[in-house]
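Enquirer:
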């Protein structure tokens with residue numbers, strides 16, 4: 005396969021955007037990325053966009069065409085990809101394959117979700133479509149409940165504590181203080197998390213990522229041409245994707261995500277690295293227990309040791325492995341379709357030494373981990389300076 | 005780019021499936037295609053699925069994961085693509101690029117829609133999300149209305165008549181009589197069409213494709229390995245895709261689809277052919293006026309001559325160019341996410357001389373034309389025996 009690199013990135017602030025609709029968010033992120041990449045809009049030969057639930061949230065499908073239209077880029081081919089909360093990750097893979105195939109040299113890959121136009125109940129129901137509608141959502145199992153089941157089992161099997169999970173939130177909020185694009189730039193303490201109300205026991209409000217608006221874009225270029233546009237391109241040296249059962253009840257274990265393990269296995273093989281070679285990772289912490297499990301399933305810690313590692317500070321900025329330097333889904337926010345691309349933006353900024361006060365020192369190898377639903381899709385990418 | 009061929013196809017009957025849900029439709033089409041391709045399920049390395057509106061129609065997103073799960077194919081990577089009624093077409097392109105990139109040798113590409121679980125009004129509203137929700141659907145412009153505007157303008161500019169449009173429906177119903185997978189295997193006359201009630205003047209009931217359930221699958225393989233599995237692979241020798249404005253009101257003309265012209269230009273260039281070299285085409289006749297315009301925009305007839313050509317029988321089976329030998333969206337049915345893949349199935353059957361009584365004689369070059377919404381996305385593929 006031909007090498008593929010990121011030559012520009014763009015991000016909106018994540019939050020509740022009362023003054024910007026879906027189209028405005030897309031424009032802002034894409035405009036910034038095109039500027040950052042030093043390409044003309046006309047250099048962009050195709051567009052791939054990740055979006056989960058615009059039909060339910062906005063009454064709007066046909067998001068690919070909407071993006072090209074909004075950006076004034078007709079007749080460029082523009083396509084939407086969906087894999088629930090991993091929509092951004094699969095869009096990134098589609099962009100990579102399009103360039104690797106030789107069909108295009110430069111493509112834009114975006115992700116966006118406008119979630120606050122509807123009530124929280126409506127948004128939760130739409131998000132529930134990431135699980136098994138017939139066997140889970142229909143019976144009332146929204147996502148906090150599904151992840152609470154995983155947390156309870158992890159606590160039972162490995163002794164993981166609520167305080168250990170809380171440590172993930174505390175660390176991610178601390179990182180977000182230094183991220184101008186993050187929604188919650190506010191430090192919290194273990195005590196704050198522990199006294200926040202239960203959403204689905206054992207998960208409390210501050211264990212949960214927020215319903216958020218936002219958009220993110222990366223510009224991809226074949227590695228052989230990347231330095232024409234950008235002095236510091238970041239190559240995507242691996243892309244793994246795997247599936248698992250849609251419904252949690254069908255799995256043989258609740259305490260690991262098999263799709264994460266398989267996607268990581270593919271990615272490490274392609275990149276010719278091991279987990280210990282990863283300097284920083286943006287992992288899918290839709291709930292704190294998800295971060296605990298991700299750090300185990302990605303191989304950073306043994307199974308069952310993710311909670312103690314977080315509590316011991318081993319995932320803090322510039323500790324053993326820097327996890328969610330951006331603030332993660334928890335504190336940066338989780339506009340579902342945008343998340344996978346926002347992770348790639350952070351990996352790029354880190355490898356280009358542009359991450360300011362949250363810069364990972366000596367960042368050489370970065371990894372992003374994007375999960376759909378309760379783990380039925382997982383996408384893992386690995387990044388390195390070209 | 006590496007060559008990519010179709011080595012197996014599968015289709016459900018199109019219709020109202022009261023006894024089969026979305027999952028059962030997918031299983032049936034995929035199972036048939038895997039059998040037809042003489043591959044083991046384990047040979048399939050990735051899945052791409054086109055689906056437009058499962059969120060609105062079924063409360064279910066995360067369709068890629070659902071497909072892998074339903075087919076028992078975890079942990080194979082499985083991804084959904086959406087481009088409204090061109091969801092199948094963009095899924096096919098994603099599959100082609102994945103194989104062309106060298107990432108995979110064998111992939112399955114499917115399309116499906118289960119549309120009859122909700123009321124016709126709810127389905128129409130969901131379909132309206134293919135247009136511009138804010139500027140069209142919100143104001144009541146559902147799809148029959150949008151295509152009626154195009155028809156009126158075509159009639160005014162070129163003298164196209166309701167009888168000429170009706171001729172497309174009559175011809176497509178005649179072809180569907182010989183297609184066991186078609187929904188309406190019943191011949192109709194011009195008089196039948198003319199006396200069917202107006203849906204949105206000048207379009208009458210028998211000018212409109214029906215809300216339908218169905219699924220379709222093709223198995224793709226790198227052309228270099230295709231003959232390991234299949235004696236008669238069909239190579240996809242071109243893939244074009246283009247975008248246009250989401251809203252009809254933003255266009256400079258209502259009587260042509262610029263995205264069709266651009267996607268066709270790309271495809272003809274890649275295939276090194278001209279329109280006159282095409283022996284048969286499956287075009288996107290969501291309404292009869294759409295077929296008239298498609299036959300013009302694809303270059304089979306001059307602008308304004310599509311109506312007279314249809315009325316003169318030039319698009320009938322084995323006439324100048326065989327258009328919609330399958331029965332088209334009008335008579336075969338239009339389960340939106342499945343349509344683009346079902347077109348590829350028909351092209352394959354025709355080139356393999358497996359189309360029975362609707363066989364196009366001397367079929368050498370086939371074309372499929374899949375449109376999203378009112379023309380904001382168009383995907384064109386060209387096929388030839390390997």
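Residue numbers (this note's numbering), protein chains in the order written: chain Z, 5 to 390; chain G, 5 to 390.
Here a beta-carbon is modelled for each residue, glycine too, at the ideal position from N, C-alpha and C.
In this text, all values refer to a predicted model and were calculated from it rather than measured experimentally.
I'd like to know if residue 157 (chain G) contacts chain Z, where contact means its C-beta is closer than 8 Å to some C-beta of that chain.
Expert: For residue 157 (chain G), the answer is no, since every Cβ of chain Z falls outside 8 Å of its Cβ.
Enquirer: On a Cα-Cα basis, can you pick out the residue from Z:164, Z:190, Z:161, Z:184 that is closest to residue 175 (chain Z)?
Expert: Checked all of Z:164, Z:190, Z:161, Z:184; the closest Cα to residue 175 (chain Z) is Z:190.
Enquirer: Contact between the stretch 299-319 of chain Z and the stretch 359-368 of chain Z: three or more CB pairs below 8 Å?
Expert: The stretch 299-319 of chain Z vs the stretch 359-368 of chain Z: no contact.
Enquirer: Jot down the residue ranges of each uninterrupted beta strand (DSSP E) in the stretch 24-71 of chain Z, minimum 3 residues, whole runs only, in chain order.
Expert: Within the stretch 24-71 of chain Z, the complete beta strand (DSSP E) runs of at least 3 residues are 50-54.
Enquirer: Output the distance between the C-alpha atoms of residue 258 (chain Z) and residue 122 (chain Z), rounded to the nearest integer angstrom.
Expert: Near 31 Å, if we compare the C-alpha coordinates of residue 122 (chain Z) and residue 258 (chain Z).
Enquirer: Taking CB distances under 8 Å as the criterion, tell me whether residue 67 (chain G) reaches chain Z.
Expert: Closer than 8 Å to some Cβ of chain Z, the Cβ of residue 67 (chain G) qualifies, so yes.
Enquirer: Under a CB-based cut-off of 8 Å, is residue 32 (chain Z) close to chain G?
Expert: No, residue 32 (chain Z) lies away from the interface with chain G (no Cβ there is under 8 Å from its Cβ).
Enquirer: Using a Cβ-Cβ distance under 8 Å, would residue 80 (chain G) count as near chain Z?
Expert: Residue 80 (chain G) counts as touching chain Z.
Enquirer: In the DSSP assignment, what are the bridge partners of residue 372 (chain Z)?
Expert: Looking at the DSSP assignment, residue 372 (chain Z) forms a beta bridge with Z:286, Z:385.
Enquirer: Taking residue 245 (chain Z) as part of the beta strand (DSSP E), name the residues at either end of that continuous run.
Expert: Start and end: 238-247.
Enquirer: Let's see if you can read the secondary structure: which residues bound the alpha helix (DSSP H) around residue 2 (chain G)?
Expert: Absent from the structure is residue 2 (chain G), since the part of chain G shown begins at 5 and ends at 390.
Enquirer: Answer yes if the stretch 114-132 of chain Z comes into contact with the stretch 233-241 of chain Z, meaning at least three C-beta pairs across the two stretches below 8 Å, and no otherwise.
Expert: Counting Cβ pairs under 8 Å, fewer than three are found: no touch.
Enquirer: Examine chain G for any beta-carbon lying closer than 8 Å to the beta-carbon of residue 2 (chain Z), and answer yes or no.
Expert: Nothing can be reported for residue 2 (chain Z): it is not among the residues displayed for chain Z, which extend from 5 to 390.
Enquirer: Excluding sequence positions up to five away, which residues of its chain have a Cβ less than 7 Å from the Cβ of residue 41 (chain Z)?
Expert: Cβ neighbours of residue 41 (chain Z) beyond the five flanking positions: 11, 12, 223, 233, 234.
Enquirer: Between the stretch 299-308 of chain G and the stretch 268-285 of chain G, do three or more beta carbon pairs fall short of 8 Å?
Expert: Contact holds: three or more Cβ-Cβ distances are below 8 Å.
Enquirer: Throw me the rounded Cβ distance for the residue 186 (chain Z) and residue 83 (chain G) pair, which I believe falls under 8 Å.
Expert: No, residue 186 (chain Z) and residue 83 (chain G) are not in contact; Cβ-Cβ is about 29 Å, not under 8 Å.
Enquirer: DSSP has residue 86 (chain Z) in a bridge; who is on the other side?
Expert: Its beta-bridge partners are G:84.
Enquirer: Contact defined as beta carbons within less than 8 Å: I believe residue 378 (chain Z) pairs with residue 135 (chain Z). What is the distance between those atoms, to the nearest angstrom?
Expert: About 6 Å separates the two Cβ atoms, so the contact holds.
Enquirer: What residues from the stretch 72-102 of chain G come within 7 Å of chain Z, judged by C-beta to C-beta, listed N to C?
Expert: If the cut-off is 7 Å between Cβ atoms, the stretch 72-102 of chain G has 72, 73, 78, 79, 80, 81, 82, 83, 84, 85, 86, 87, 88, 94, 98, 101, 102 near chain Z.
Enquirer: Going by DSSP in three states, residue 296 (chain Z) sits in which element: helix, strand or coil?
Expert: Here residue 296 (chain Z) sits in helix by DSSP.
Enquirer: Give the C-beta separation of residue 382 (chain Z) and residue 246 (chain Z) to the nearest angstrom, bearing in mind that I take them to be a contact with Cβ-Cβ under 8 Å.
Expert: Confirmed, about 6 Å.
Enquirer: What in chain G is Cβ-close to residue 5 (chain Z), meaning under 9 Å?
Expert: Here the neighbours are 105, 106, 107.
Enquirer: Would residue 323 (chain Z) be called buried (16 or more neighbouring beta carbons within 10 Å of its own) or exposed?
Expert: With fewer than 16 other Cβ atoms within 10 Å, it is exposed.
Enquirer: Hey, does residue 262 (chain Z) have any beta-carbon neighbour from chain G nearer than 8 Å?
Expert: Output row for residue 262 (chain Z): interface = yes.
Enquirer: Can you give me the C-alpha to C-alpha distance between residue 293 (chain G) and residue 181 (chain G), rounded to a whole angstrom?
Expert: Each residue's Cα considered, the two are about 22 Å apart.
Enquirer: Please list, in chain order, all residues of the same chain as residue 202 (chain G) whose beta carbon is under 7 Å from its beta carbon, the five residues on each side excluded.
Expert: Result list for residue 202 (chain G): 208, in chain order.
Enquirer: Shortest alpha-carbon distance to residue 52 (chain G) belongs to which of G:91, G:205, G:266, G:26?
Expert: With distances taken between Cα atoms, residue 52 (chain G) lies closest to G:91.
Enquirer: If you run the structure through DSSP and keep just helix, strand and coil, what is residue 380 (chain G)?
Expert: Residue 380 (chain G): coil per DSSP, three-state reduction.
Enquirer: Is residue 136 (chain Z) helix, strand or coil when you go by DSSP?
Expert: Residue state, collapsed to three classes: coil.
Enquirer: Which chain G residues sit within Cβ distance under 8 Å of residue 125 (chain Z)?
Expert: Going along chain G, no residue has its Cβ under 8 Å from residue 125 (chain Z), so there is no contact; the nearest lies around 14 Å.
Enquirer: Beta strand (DSSP E) containing residue 203 (chain Z): first to last residue?
Expert: Where residue 203 (chain Z) is concerned, the enclosing beta strand (DSSP E) stretches over 202-204.
Enquirer: Could you list the residues in the stretch 132-154 of chain Z with a C-beta less than 9 Å from some C-beta on chain G, going in chain order?
Expert: Within the stretch 132-154 of chain Z, the residues whose Cβ lies closer than 9 Å to some Cβ of chain G are 132, 133, 134, 135, 136, 137, 138, 141, 142, listed in chain order.
Enquirer: Any chance the stretch 251-271 of chain G sits against the stretch 93-101 of chain Z, with 3 or more Cβ pairs inside 8 Å?
Expert: Touching, no.
Enquirer: Run down chain Z in chain order and give the residues with a C-beta less than 7 Å from the C-beta of residue 70 (chain G).
Expert: Per Cβ cutoff of 7 Å: 250.
Enquirer: Which chain G residues sit within Cβ distance under 7 Å of residue 62 (chain Z)?
Expert: Those are 137, listed as they occur along chain G.
Enquirer: Quick check: the Cα distance between residue 139 (chain G) and residue 35 (chain G), rounded to an integer number of angstroms?
Expert: Approximately 41 Å, taken between the alpha carbons.
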